[in-house]
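Participant:
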Amino acid sequence: MKIDGKAWRSIWVQPDGWSVGIIDQTKLPHAFVTARLASAAEASHAIKSMMVRGAPLIGATAAYGLCIALRDDASDSSLNAAYEFLLAARPTAINLRWALDEMRTALLPLAPSARVQAAYAAAQKICDDDVAICENIGRHGLKLIQAAQKTTAREVNILTHCNAGWLATVDWGTALAPIYMAHDSGVKLHVWVDETRPRNQGAALTAWELGKHGVPHTIIADNAGGHLMQHRRVDMCIVGTDRTTARGDVCNKIGTYLKALAAQDNGVPFYVALPSTTIDWTIEDGVASIPIEERAPEELTRITGRTLNGDLCEVDIAAPGSPAGNYAFDVTPARLVSGLITERGICAASRDSMRALFPERA
Ligand code: MRU
2 MKIDGKAWRS IWVQPDGWSV GIIDQTKLPH AFVTARLASA AEASHAIKSM
52 MVRGAPLIGA TAAYGLCIAL RDDASDSSLN AAYEFLLAAR PTAINLRWAL
102 DEMRTALLPL APSARVQAAY AAAQKICDDD VAICENIGRH GLKLIQAAQK
152 TTAREVNILT HCNAGWLATV DWGTALAPIY MAHDSGVKLH VWVDETRPRN
202 QGAALTAWEL GKHGVPHTII ADNAGGHLMQ HRRVDMCIVG TDRTTARGDV
252 CNKIGTYLKA LAAQDNGVPF YVALPSTTID WTIEDGVASI PIEERAPEEL
302 TRITGRTLNG DLCEVDIAAP GSPAGNYAFD VTPARLVSGL ITERGICAAS
352 RDSMRALFPE RA
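The opening residue of the sequence shown carries number 2 in the numbering used here; numbering runs sequentially from there.
(1) Using the rule of at least 16 other Cβ atoms within 10 Å of the residue's Cβ for burial, across every protein chain shown, is residue 326 buried or exposed?
(2) Who are the Cβ neighbours of residue 28 in its own chain at under 8 angstroms, not counting the five residues just before and after it?
(3) Residue 171 to residue 130, Cα distance in whole Å?
(4) Let's test the definition: count the other Cβ atoms within 10 Å of the Cβ of residue 312 and tell me whether it reaches 16, buried, or not, exposed.
(5) Is the beta carbon of residue 176 closer than 7 angstroms to that of residue 240?
(6) Hey, residue 87 and residue 63: beta-carbon distance below 7 angstroms or not?
(7) Would you decide whether residue 228 is buried or exposed? Buried here means 16 or more other CB atoms lie within 10 Å of its CB.
(8) Take residue 18 as the anchor and find which of 219, 122, 136 and 147 has the nearest alpha-carbon.
(9) Mind checking which residues open and close the beta strand (DSSP E) that includes residue 162?
(10) Where does the unbroken alpha helix (DSSP H) through residue 311 begin, and where does it stop?
(11) Express the C-alpha separation of residue 309 and residue 115 in angstroms, rounding to a whole number.
(12) Give me the residue from 237, 84 and 110 with the minimum Cα distance to residue 99.
(13) Return the CA-CA distance between residue 140 and residue 191, expressed in angstroms with no decimal places.
(14) Contact defined as beta carbons within less than 8 angstroms: I believe residue 285 pairs with residue 303. What is the distance between those atoms, to the nearest angstrom?
(15) At a Cβ threshold of 7 angstroms, is residue 342 touching chain C?
(16) Whole angstroms is fine: what's the gap from residue 167's alpha carbon to residue 215's?
(17) Let me check understanding here. Comparing Cα to Cα, which of 67, 207, 91 and 54 lies closest to residue 107?
(18) Run the proximity test for residue 170: is its beta-carbon closer than 6 angstroms to any non-hydrogen atom belonging to the ligand MRU?
(19) Just checking residue 254 against the ligand MRU - is the residue's beta carbon closer than 6 angstroms to any of the ligand's heavy atoms?
(20) Who are the near neighbours of residue 258 in its chain, counting only those whose CB is closer than 6 angstroms to its CB and skipping five residues on each side?
(21) What is the DSSP secondary structure of residue 70, reduced to helix, strand or coil?
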């Protein structure tokens, strides 16, 4: 995607040919700052601290972290140690494990002397494939938005939660890819952007992305969605996912479940856009099986922002001494999901429909 006319991906190999460049997402929207990752430890830190975040981008960053680790030592034990180390960075998004599995499966059969070059090629392929996958998600989701346009005289209003845009993937995004394509093809639309407490990925990242692309949008408090749906001001919801089970339960940023409940109560279609790399085919029941990340309470009790004189500043917003629980994800059961928008097309959130689209998983 373009920022001020220049095309960017969210991750790239630096001109030195081995270290990795990222956009430091903790600085957005106040400053556009890039960072260089030159060790597996820095890659892990970038994932943990959410300099990079979003399921597909976490996977891509871990893949490059493995490449960098192998430059020091490409033995089996080093490969396995880097795999375990990077896997521990965040627990919920399955793309992290998927990308590391892809890398290890490709590299272990090779002689150690051949591994570094092969690792960079494999990581590059993970990134290029992600771009192609997200573009296809966009093409399929576009049809839903075009169909919605035919049913309304006004603009199509889409509600999204968290950031499932190009910053969360390598390019395009998942939930936002259909929105970008619809906007580019002339569909009149408007996006309701959930602020997405506590880290505000909606207000800080989604709104920034949409603004840079010229897509009309409005930031809303997380709790406003139900009210807007009751007043027929939402035509559809499109969100991303960090892990989708084999029967279509969807784990995404905390608060997604409540939006799906409100959508069902109001007859608003609730779509989830995902690359198939986000499907965990080994589990069925998302509530019982998906580990939900719990992050530092300070993410809830403190907030960073820009003061009126332009300085960045961190302030406490909670009653001093009160404990805070920071659950980062929740699970939306498949019965609340109207459809899964994948790179192969749109299917019902059900075991049979998913397997029909991905028969190699049957
Ligand atoms: O904690 P985050 O910001 O990594 O959570 C990201 C999300 O929940 C996204 O919606 C999800 O990864 C889908 S990204 C294409």
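Just so you know, even glycine gets a beta-carbon here, dropped at the ideal spot from N, CA and C.
Facilitator: In short:
(1) For the purposes of this step, residue 326 is taken as residue 325 along the sequence shown, with counting starting at 1. Classification for residue 326: exposed.
(2) Counting from one through the sequence shown, the residue named residue 28 turns up at place 27. Result list for residue 28: 34, in chain order.
(3) Counting from 1 along the sequence shown, the entry for residue 171 is found at position 170. Counting from 1 along the sequence shown, the entry for residue 130 is found at position 129. Looking at the two C-alpha atoms, the distance is approximately 9 angstroms.
(4) Taking the first residue of the sequence shown as position 1, residue 312 is located at position 311. The residue in question, residue 312, is exposed, as its Cβ has fewer than 16 Cβ neighbours within 10 Å.
(5) Here residue 240 refers to the residue found at position 239 of the sequence shown. Here residue 176 refers to the residue found at position 175 of the sequence shown. Yes; because the gap between Cβ atoms is below 7 angstroms, this pair is in contact.
(6) On the sequence shown, position 86 is the one that residue 87 refers to. On the sequence shown, position 62 is the one that residue 63 refers to. In contact: residue 87 and residue 63 (Cβ atoms closer than 7 angstroms).
(7) Indexing the sequence shown from 1 puts residue 228 at position 227. Exposed: under 16 other Cβ atoms inside 10 Å.
(8) Taking the sequence shown and counting its residues from 1, the one referred to as residue 18 is at position 17. Taking only the C-alpha atoms, the option nearest residue 18 is 122.
(9) Translated into the one-based positions of the sequence shown, residue 162 becomes position 161. No beta strand (DSSP E) contains residue 162, which DSSP labels as neither H nor E.
(10) For the purposes of this step, residue 311 is identified with residue 310 of the sequence shown, where counting begins at 1. Here residue 311 belongs to no alpha helix (DSSP H), and DSSP marks it neither H nor E.
(11) Indexing the sequence shown from 1 puts residue 115 at position 114. Indexing the sequence shown from 1 puts residue 309 at position 308. Those two C-alpha atoms are separated by around 54 angstroms.
(12) Within the sequence shown, the letter at position 98 stands for residue 99. Of the listed residues, the one whose Cα sits closest to residue 99 is 84.
(13) By 1-based counting over the sequence shown, the position of residue 140 is 139. By 1-based counting over the sequence shown, the position of residue 191 is 190. Whole-angstrom Cα-Cα distance: 18 angstroms.
(14) Taking the sequence shown and counting its residues from 1, the one referred to as residue 285 is at position 284. Taking the sequence shown and counting its residues from 1, the one referred to as residue 303 is at position 302. Going by Cβ atoms, the distance from residue 285 to residue 303 rounds to 38 angstroms, so no, they are not a contact pair.
(15) Absence of chain C from the displayed structure is noted, only one protein chain being present.
(16) Start at 1 with the first residue of the sequence shown, and residue 167 comes out as number 166. Start at 1 with the first residue of the sequence shown, and residue 215 comes out as number 214. Going from the Cα of residue 167 to the Cα of residue 215 covers about 14 angstroms.
(17) The residue labelled residue 107 in the question sits at position 106 within the sequence shown. Answer by Cα proximity: 67.
(18) On the sequence shown, position 169 is the one that residue 170 refers to. It does: the Cβ of residue 170 is within 6 angstroms (strictly closer) of some heavy atom of the ligand MRU.
(19) Indexing the sequence shown from 1 puts residue 254 at position 253. Yes; taking the cut-off as 6 angstroms, the Cβ of residue 254 has a heavy atom of the ligand MRU nearer than that.
(20) On the sequence shown, residue 258 is found 257 positions in, with the first residue counted as 1. Cβ neighbours of residue 258 beyond the five flanking positions: 331 and 333.
(21) As a working note, residue 70 is residue 69 in the sequence shown. DSSP places residue 70 in helix when its eight states are reduced to three.
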